[in-house]
Every structure is written in structure tokens, then in C-alpha cells.
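In my numbering, the protein residues as written are 320 to 761.
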Ligand code: ATP
């Protein structure tokens, strides 16, 4: 575990307004985080990129925005009520409660707690803990009607399968894509936004004829890997595909591959791509007694589609982008922290600084330039500190270009553009600035 890098990233995220602790002024809530002004911008860009790539640019996938609160029977059918549990064990020495599967194993009955105490699970027996959040949707406390916050967006897709199929007039293969919040009462702490109680997912349920399922599963594994390398731009050396072994697979799944990222605490899951067979639609069709089958005219019979599920986490993608971009270098004996974000993800593409903020003519030029840039791309205008401090702030939030307007700008109508990564500066005519930034923002 690279604790040093993790600590630095967490500190930078808080200091620069990417992530704050949830309900922080009241002492916070464990594994609950809020996105600050710059974090919210990056998060939105991740979701926009995914939605545009899969929903807007493809004919075989449609979007959905289903509700978070769902009927109890949904989770009876899906198996979450009975089986969505973690096995937890209390350490008799430090009293910490941990997930058994997260502890280091000494042998089949002995696990090592974080405090290094060895826990004998035949003595300290693990208990099952359901991860779902239950809520009362009736108007009275006396006659409660329980519903649940969804632990994955997928169930909203399955229960709407027939609604969507009957309204979009499309044939299989058909994907239904959804971005939204999911809730799991996770007990682990210390992994920053990697494991949260409230998080966001980007899921596609891609419905296919059973004969096409294996081929489409292979397709989606490749497609999702290349999305992370080509679209998100994560470094290849920090990404890998890990097919699940037979004993890891859910009983209904025919295949599952995780896309893993090298986080500061080691290789961990960014996304899972699974061939879930016809399990989900069959279960919902049995419990709801609604027909969720399709008709094959080639075979002249009905069938329940198989589903391939690429299920990604928005927050883990965000975390990976920040880890990939975080860099430190020594400049003039000082440490420069720089977030080498792809321009698309940077909260601001450019920052404009007037060097003489008391000179009205110069400020006027700077403001007009700023408005021109902001018409085309996210930008900021800053005059609240000295130039060194302003550069440092923008480097840490990943702004690719800083533009200074100085006394000479009044004479030659040129400004200085500083490149975030190389720190090289170039004089550019004011009327060429927008084009310059657009051309360099690839
Ligand atoms: P893990 O094994 O890490 O708990 P999982 O296999 O339970 O993950 P899935 O149910 O496959 O996760 O969910 C799909 C994706 O949703 C994950 O790959 C991850 O990106 C995201 N995700 C799941 N649980 C959380 C969480 N508690 N916090 C943040 N993201 C999550």
C-alpha cells in the first residue's frame, strides 16, 4: 500500500475542493463523501462522456432514469434480501468490526486483524450483515410499508425491461443504460471514495439472444477496457483485466471479468463485466408473474434474453483519474504538485490573470478575453493572489493553460500562455488565444 500517495491525494482533494467529508461540520459519517465544486465538475464530465458514447452515439442502446426507492419484492426476486450480505467479525482485542473477506488469512479459521491480533473465527463467529438500506414509505410509523434503496441501478433496468422494449420499437440485441446513485451499508473504512455507502454507477444491461451471449460478453470486455484507455485516457500500465475464477462466479453467471486499476492500495475493481444469463429476467418474471420474454421469429418461439452487464462506478473512475494525474516534481527546490488531467476533465481549461489589477485598461482586456474563452470552454478569472500562488492553485486543480495579461499586452495585443505540464510560456496574440487553446486541448 502506498500510504504516502493516498494521504497526499486525500489531502489535495480536500484542500482544493474536490472531495469533502459528508456532514463534516457535525463530525462526519463514515464512508460518506461529498463532491466539492471541482470534484462535481469532473464527475459530471465522466458521466457525460459515458452517456454520450453509449446512449447518444449508438442505435442499440437506450437510456433510463429509474427510481432509487424500490419495492421489497424487487429484492426478493433479485436475491438481494436473502443474499446481499457481508460476513463481519469483531476483533476481541481492538473491537474493530471487519469484513472477513478483507482480512489477511492465516489458515481457514484464523484471520489477522488490522491491529495484528489473530482472530479465531470458530470462537469469534462472523455474523451476516445485509448491506441494503431499508426505509418506511408509509405515512405512519405504526403501519410501516418497507421499501429499499437500490444497491445497484441494474434492478431498475430489469423491472422496466418490458416497458422499454414495448415503447422503443427496437429488436435485440438491445442495451438499456442508466447512471445513478446506489446505496450499500458498507462497513469498511479508510479507502477514501473507493468504498462508499452512497455512490454512483454507470450500468448497461445488454439483452441478447442466448446464442449470442458468449460473443457479446467478449465484445463488452474489450469495449469497456478500451473505453478506459482511449476515452478516459488512463495509463495502460495501471489497468488490467482479471477474469474471475470458477469459484468466484455467482451461481447464475457464465463469466465475469473485472477491469482493475492500480490504486495506491493495490489492484482493485473499477468495473465488473458479467454474463448474467437469463437469471434476472427469469426471477422477475416468476415473482411478478409478468411475461418478460421476447419472440424469435427465426425459431418461431419465445425466449428469455440473456444479459451482459458492464457495471462501472463513477466514483472509482473519478478516483482512478485523480490517481493517474497526480504528480509531484521539484522546481527551484520546491515541490510542485500538478494534476496532469486530460483537458476534457480539467475543471477549467484556462485561467486568466491580469498582472496589474489596478490598471483599468489592462483589466478590461483581461475580462474581455476571459468572456471570449468562457463562451467556448470552462474558464476562470483570478486576481486574488500573486502570480506564483495563482499558478500553484491552478496546477493543483489541473488547469492546462494559464494566461497572463501584463503591461506589454497593452502595446502588442499579446498575452503570455503558460503550459501546465511543461511550464513553458509563449506569447500569443489576443485574437488567437481561443484557437491556440482549442488546438492544444487534445
Ligand atoms: P467490490 O467487490 O469492490 O465490493 P462489487 O463487485 O461488489 O465491488 P459490483 O456490485 O459489481 O461491485 O458493482 C459494480 C461497480 O460499482 C463496481 O465495480 C464499483 O465501481 C462500483 N461500486 C460498487 N460498490 C461500491 C461502493 N461501495 N463504493 C463505490 N463504488 C462502488
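C-beta atoms are modelled at their ideal positions from N, C-alpha and C, and glycine is treated no differently.
| Asked | Found |
| --- | --- |
| Nearest to residue 691 (by Cα), restricted to the options 490, 752, 450 and 710 | 752 |
| Residue from 573, 418, 400 and 583 whose Cα sits closest to the Cα of residue 598 | 573 |
| Candidates 609, 702 and 471: closest to residue 270 by CA position | It is not possible to answer for residue 270, since the shown part of the chain is limited to 320 through 761. |
| Reference residue 467, options 459, 449, 714 and 721, closest by Cα | 449 |
| Cβ contact check for the stretch 665-674 and the stretch 718-731: 3 or more pairs under 8 Å | yes |
| Neighbourhood of residue 591 by C-beta, 7 Å cutoff - its chain only, sequence neighbours within 5 removed | 575, 577 and 630 |
| Nearest neighbour of residue 635, chosen from 334, 515, 605 and 627 [CA to CA] | 515 |
| When 457, 647 and 610 are compared against residue 739, the one with the closest alpha-carbon | 647 |
| Close Cβ partners of residue 347 (< 7 Å) along its chain, the five nearest in sequence each way excluded | 340 and 341 |
| C-beta contact flag for residue 478 and residue 603 at 8 Å | yes |
| Secondary structure, alpha helix (DSSP H): runs of 4+ residues fully inside the stretch 617-675 | 633-644 |
| Nearest-angstrom Cα separation, counted from residue 586 out to residue 519 | 20 Å |
| Pick from 408, 413 and 414 that is closest to residue 430, judged by C-alpha positions | 408 |
| Nearest-angstrom beta carbon gap, residue 432 and residue 447 [assumed within contact, 8 Å] | Not a contact, Cβ separation roughly 19 Å. |
| The ligand ATP heavy atom lying under 7 Å from the CB of residue 407 | no |
| C-beta neighbour in chain C for residue 514, strict 8 Å | No chain C appears in this structure, which consists of one protein chain only. |
| Same chain only: Cβ atoms within 7 Å of residue 321, ignoring 5 sequence neighbours per side | 583 |
| Three-state secondary structure assigned by DSSP to residue 535 | helix |
| 8 Å Cβ cutoff met for residue 667 and residue 624 | no |
| Distance, residue 396 Cα to residue 335 Cα | 44 Å |
| Beta-carbon spacing of residue 464, residue 440 below 8 Å | no |
| Sheet register partners of residue 417 (DSSP bridge) | 408 |
| Bridge partner(s) assigned by DSSP for residue 573 | BP columns for residue 573 are empty, so no partner. |
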